[in-house]
Structure formats: structure tokens, C-alpha cells
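So, in C-alpha cells, the structure goes:
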């Protein structure tokens, strides 16, 4: 289920599987439209009459280069006598994915090596009405449907532009895709296909005895032909080498923006820290949504994805990034939360990257009563994370427009959404999205959210409101101990379910 070495610029995201096959292509929002639908984009080699696609036949080492979002992939096939080293990036400015491939001969003989790249696009997440064709104007392969265009091009050592290609059909009897056409080392040159389409391009390399040869391959993403044609021109003009270099430099500077002391911790710990920051950034859309997980595998058995913005998940990420010195990354996240907040002041279960309401499995009726299909901790934790953001940035100018629209609005909901007798939150769904009741974690999150709102009220010289939020938080804290503390177990219960004037307690430990 996990994907390896993602590369992204906040608009375009490429995910790889453990066999170094591209599996997910998200554009123009991170997480919203997967234009591969999880189908593999195969990468293979033909040499000495044999064709081998990346898989179990290859030794693989997939990692990033230093502190950057540039991959450093080593591939070795002893039977073919080849070693490959690849670097993958999504350019920091241009919506272009670029791969550099270096091939090394291990057999000590001069040979011709042919690299093949297949593309199993499902534009807009389906394969109905796609077109793939060879474009002589840019000497590239273009896949398009409506307002989604992907241009594929390459550079061999002596020339740029696609020289070897095939466009064809897939997912039909007797039509597995053009990648099968490549297995004899040749491509048909078929120029156009429509419907359920795929394509494959080839790069021919002369490999000297014991020597090396290299090539470049790229995919430009846009919303119309001229956009991808201009991106292709920019790659050719600036050169793939320079684009990889500038992207590496950018992310290196980004990851090392602050000097940190790791004391006597080993270098590997510092490397993991920087890598974690960079991988987190690949899952954040440039318009603000912090996505839980961009991975197509779950679609096959769950018919849904994790490519959504959950308030809770986003709040934890935003708080962690703020403490790491990256408050600027999450400013748009809080703007996003402000935009999607309901009129009543709460967040629904989760949202699509464009801010629209995502799928929801919480019913509106429980035990015959109308309820809100929410997890209240998600709303509260946004306030908690926003206060951490402010403490780390001291950017009051950023906070000011959020005070009425996000802070007060959601805090007032937390105050109102309480049981008038016990002072605890009205039952809602738990953080695991399973149980409906009053949950210790939710209560703690609401208290933290109200404390944060109180801090903001004081910051803006609204002392009566600050006191009000504090009083409600204190009442809730007392109610938590009175109703959810299990004296026999000497700990708080996971959840409570209203029974008479109190709560029946769930004694299971929440982990």
C-alpha cells in the first residue's frame, strides 16, 4: 500500500511502487485527480535480444539524493550485465516530471541498449475517451482528454525528441498495451489511438565496453496543448540537467533553512528528519489542503481513497511543521480550513483538495435522533494547531483575518455543542471514525481548542470572551474527571455513553 520516493511541486505529484514503476500521477491538485488510476507506467530495458521490465529480476535501491526531492535510484541486473542509476524530480516551478537515466555496461562489451517507457493513462481517473498521438510539432507523444494534457518527450545523447514510439489500445481482448510491442526491441510507430489508450516510447543508447551512456525523459502536465508545448520548450531551452540541478538546490535550501543541533544523535537521524519534512511537503497541495495519504492501492478493495484533507491529520502535520520552522508552508492550510468551515462553525469528516465535501460514512441519524456526522476533535485541533503556529511565527498579521472567520466561529460552536447537564461535548464520532459517543480524546481536544481560542481572544484584547472560553474549558475538564474517569482502573475510559444522569464507560484502552 505505501508508495516509495514521491516527487512533487505541490501541483504535480508522481508516486512510485517498490518496483520503481510510476503508479500515481496527480494533477493539478495533489490528491484530487489520479491520471494513472494506479496502473503501472512500465520502465524497461532491451539488450542482446532480451527485454526486462523493472521487477523482481532487478536489484533495486530506492532513495533520495541528500536532503532533496531528487531521487537517487540504483538498479542492477546481473543476467543482462547492466547497472542503471536514475534521478527523478518534479521541477520546482514547471509542472514537469524529469528523469535522468545513466546506464553502465558490466559485461565488458560494446552494445546497444534500448530503454522503454510505457504510459497507462486514465485521464480524470478513467480510460473513456482518452487520446494518445504522436505530435510532429514537438516530436513528442501527447495524451489528452478535455482539459488535461500530458506531453512525453526525451533526449538521447545526440538528439532530442521522440524517435521510437507506438500509440495503441489497452484493456481489451488481445490488447494488453503497447508495452508488449516493445518486448521484441521494436515499436510499431502507430501514430494515434483513442478510447482506452496507452503509449510507449523508446530511447536507443550506444553503450561502449565497460562504459556509460545517459538519457533524459520527461512528462509535462497542463490544461491545454499550448501549455504543455511551452513547458516542453522550456525543458529544451533550460535543459533537463539544469532543471534537475535547480530543483535539487531549491529543496536542499528548503530542508536546511534552519540550523539545527542534533547533539550526539547519528547523522542517519538528521537525514530521516529532513527526509520526513520533504516527504510531508509532497503531500501538501499548493492551495492549502494537507492530504492524509495519496495512494491508489486502497481503491481496489475499498473503492475510496485517503486522498482527503482530514482536519485532525492536517492539524497534527501543521503543528509539527510549525515546530520544525515551516510555518509558511501551512498558512494556506488554515486559509483552506476557514473556507470549508460550515456556517455553524464545524468541519465535516473530510474534504477534497479543492475544498468540496468528500465522501462520508457517518450517518445523520443515531438511535432515531438527528445528529451531526462529525468528529468534533477535528474542529478543535485546528484551533490548537493555529495557536502553535502563532507561537512559532508571531505573525499576528496572518492571524488577524482568521480571528472572526475561523477562531471565534469554531470556538463558539465548541461552546454551544455541549450537554447542558454534564458540560461535556454532545456525542459525536471518535477519532477512529467508528464509535458514536463522548470520547476522552475528543474532550481533551476540545479543551485544548478552547484554551487556544482563549489565548487568541486575549491577544486581540477581548478579555471577556477569553474568560468565557477558559471557563467553558474548565467546566469541561471537571466534567471529564467526574464522568469519564474510572476509579477502579485508575485511568480515563476511552468513551462514555449517556446512561441516566451519567455515562456507561468503555474500558478498552485507546491505542
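In the working numbering, the protein residues as written are 16 to 526. Yeah, the Cβ is synthetic: ideal placement off N, Cα and C, and Gly gets one too.
7 Å Cβ cutoff met for residue i and residue j
i           : j           : result
residue 176 : residue 154 : yes
residue 30  : residue 18  : yes
residue 130 : residue 235 : no
residue 211 : residue 142 : yes
residue 306 : residue 298 : yes
residue 107 : residue 263 : no
residue 333 : residue 395 : no
residue 258 : residue 120 : no
residue 146 : residue 181 : no
residue 123 : residue 224 : yes
residue 351 : residue 304 : yes
residue 88  : residue 97  : no
residue 202 : residue 118 : no
residue 372 : residue 393 : no
residue 8   : residue 429 : With the chain covering 16 to 526 only, the question about residue 8 has no answer from this structure.
residue 398 : residue 455 : no
residue 365 : residue 323 : yes
residue 133 : residue 194 : yes
residue 409 : residue 490 : no
residue 470 : residue 402 : yes
residue 218 : residue 230 : yes
residue 8   : residue 162 : As shown, the chain starts at 16 and ends at 526. That puts residue 8 outside it, with no answer to give.
residue 463 : residue 473 : no
residue 75  : residue 99  : no
For residue i, the three-state DSSP class (helix, strand or coil)
i           : result
residue 212 : strand
residue 74  : strand
residue 226 : coil
residue 242 : helix
residue 59  : strand
residue 521 : strand
residue 85  : coil
residue 404 : helix
residue 363 : coil
residue 296 : helix
residue 10  : There is no way to answer for residue 10, as the model of the chain reaches only from 16 to 526.
residue 374 : coil
residue 380 : strand
residue 231 : strand
residue 304 : coil
residue 249 : helix
residue 41  : strand
Distance, residue j Cα to residue i Cα
i           : j           : result
residue 135 : residue 509 : 46 Å
residue 94  : residue 39  : 30 Å
residue 467 : residue 336 : 18 Å
residue 168 : residue 232 : 6 Å
residue 172 : residue 116 : 11 Å
residue 243 : residue 49  : 18 Å
residue 479 : residue 465 : 14 Å
residue 321 : residue 308 : 5 Å
residue 179 : residue 293 : 36 Å
residue 512 : residue 451 : 8 Å
residue 523 : residue 379 : 26 Å
residue 329 : residue 199 : 48 Å
residue 83  : residue 22  : 10 Å
residue 149 : residue 157 : 6 Å
residue 514 : residue 434 : 13 Å
residue 414 : residue 405 : 8 Å
residue 340 : residue 265 : 17 Å
residue 344 : residue 204 : 45 Å
residue 73  : residue 338 : 41 Å
Proximity winner among the options, relative to residue i (alpha-carbon distances)
i           : options               : result
residue 385 : 293, 357 and 443      : 443
residue 427 : 440, 348, 360 and 257 : 360
residue 144 : 349, 46 and 160       : 160
residue 185 : 218, 137 and 164      : 137
residue 36  : 21, 55, 73 and 476    : 55
residue 127 : 151, 418, 60 and 110  : 60
residue 45  : 296, 109 and 282      : 296
residue 270 : 291, 282, 355 and 248 : 291
residue 247 : 217, 417 and 110      : 110
residue 387 : 357, 266 and 340      : 357
residue 125 : 163, 105, 62 and 113  : 62
residue 390 : 407, 424, 139 and 432 : 432
residue 416 : 475, 441, 163 and 453 : 475
residue 496 : 517, 485 and 481      : 517
residue 10  : 197, 501, 42 and 447  : Past the boundaries of the shown model lies residue 10; the chain is included only from 16 to 526, so the question cannot be answered.
residue 494 : 441, 503 and 448      : 441
Any non-hydrogen atom of the ligand NAD within 6 Å of residue i CB
i          : result
residue 94 : Absence of the ligand NAD is noted for the structure shown, with no ligands found whatsoever.
Quick check on the DSSP output: what are the complete alpha helix (DSSP H) runs of length 4 or more inside the stretch 461-517, in order along the chain? Every alpha helix (DSSP H) stretch that sits fully inside the stretch 461-517 and reaches 4 residues is listed by chain position as 478-499.
Entirely within the stretch 326-351 and at least 4 residues each: give me those alpha helix (DSSP H) ranges in chain order. Counting whole runs of 4 or more residues, the stretch 326-351 contains the alpha helix (DSSP H) stretches 326-338.
Segments of 4+ residues assigned as alpha helix (DSSP H) that fall wholly inside the stretch 121-166: Listed in chain order, nothing qualifies, since the stretch 121-166 has no complete alpha helix (DSSP H) run of 4 or more residues.
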